């Protein structure tokens with residue numbers, strides 16, 4: 057069973073699931089040298105089962121939808137979970153910082169970005185918000201002025217085949 061704690065006031069020094077998922081993403085990027093959503097998902101599941109990327113073996117602050125997604129992936133070993141479109145979880149935010157930093161040296165391909173954001177949600181508002189934040193942060197990291205950094209074209213990501221038809225291209 058996965059550790060669950062709905063209370064955000066966990067003891068000082070313990071990692072929330074956001075930190076754990078960010079560390080799993082960083083480890084995947086470090087070892088694969090590319091953005092590979094399947095490897096990131098495997099590492100997130102490993103963190104929940106074995107307590108990896110935590111400081112006490114438990115992951116705190118998980119919502120039911122994320123627990124369901126990860127348990128489904130563990131049992132079925134695929135990403136075709138029937139997401140709750142109303143779920144507004146923010147776990148995808150924890151994967152953005154490593155993606156933004158990776159993008160300063162190597163380009164994050166659009167489809168890999170959308171696939172990685174969508175590992176724990178299919179809510180279009182969450183995916184769009186993450187995409188906008190990713191673009192803004194990477195523009196800032198590229199040295200753009202904060203007012204110019206927010207001006208970019210937003211693609212129609214919801215008609216993009218990468219959201220619904222993800223196929224793993226490689227694995228580490």
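Numbering (this note's numbering), first residue to last: 57 to 228.
Glycine included, every Cβ here is placed at the ideal spot set by N, Cα and C.
Because the structure is a prediction, the values reported are computed rather than measured.
Would you call the stretch 100–107 in contact with the stretch 156–174, where contact means no fewer than 3 C-beta pairs closer than 8 Å? no
Boundaries of the alpha helix (DSSP H) in which residue 172 is found, first to last residue: As a position in the chain shown, residue 172 is number 116, starting the count at 1. Per DSSP, residue 172 belongs to the alpha helix (DSSP H) from 166–173.
Contained alpha helix (DSSP H) runs [length at least 4] in the stretch 75–157, N- to C-terminal order: 93–106, 120–132
Give a yes or no on contact between the stretch 87–99 and the stretch 111–120, applying the rule of three or more CB pairs nearer than 8 Å. no
Need the endpoints of the alpha helix (DSSP H) that residue 180 sits in, please. Mapped onto the chain shown, residue 180 falls at position 124. Element bounds for residue 180: 180–197.
Spatial neighbours of residue 201 within its chain, please: CB distance less than 8 Å, with the 5 preceding and 5 following residues excluded, ordered by chain position. Mapped onto the chain shown, residue 201 falls at position 145. Cβ neighbours of residue 201 beyond the five flanking positions: none.
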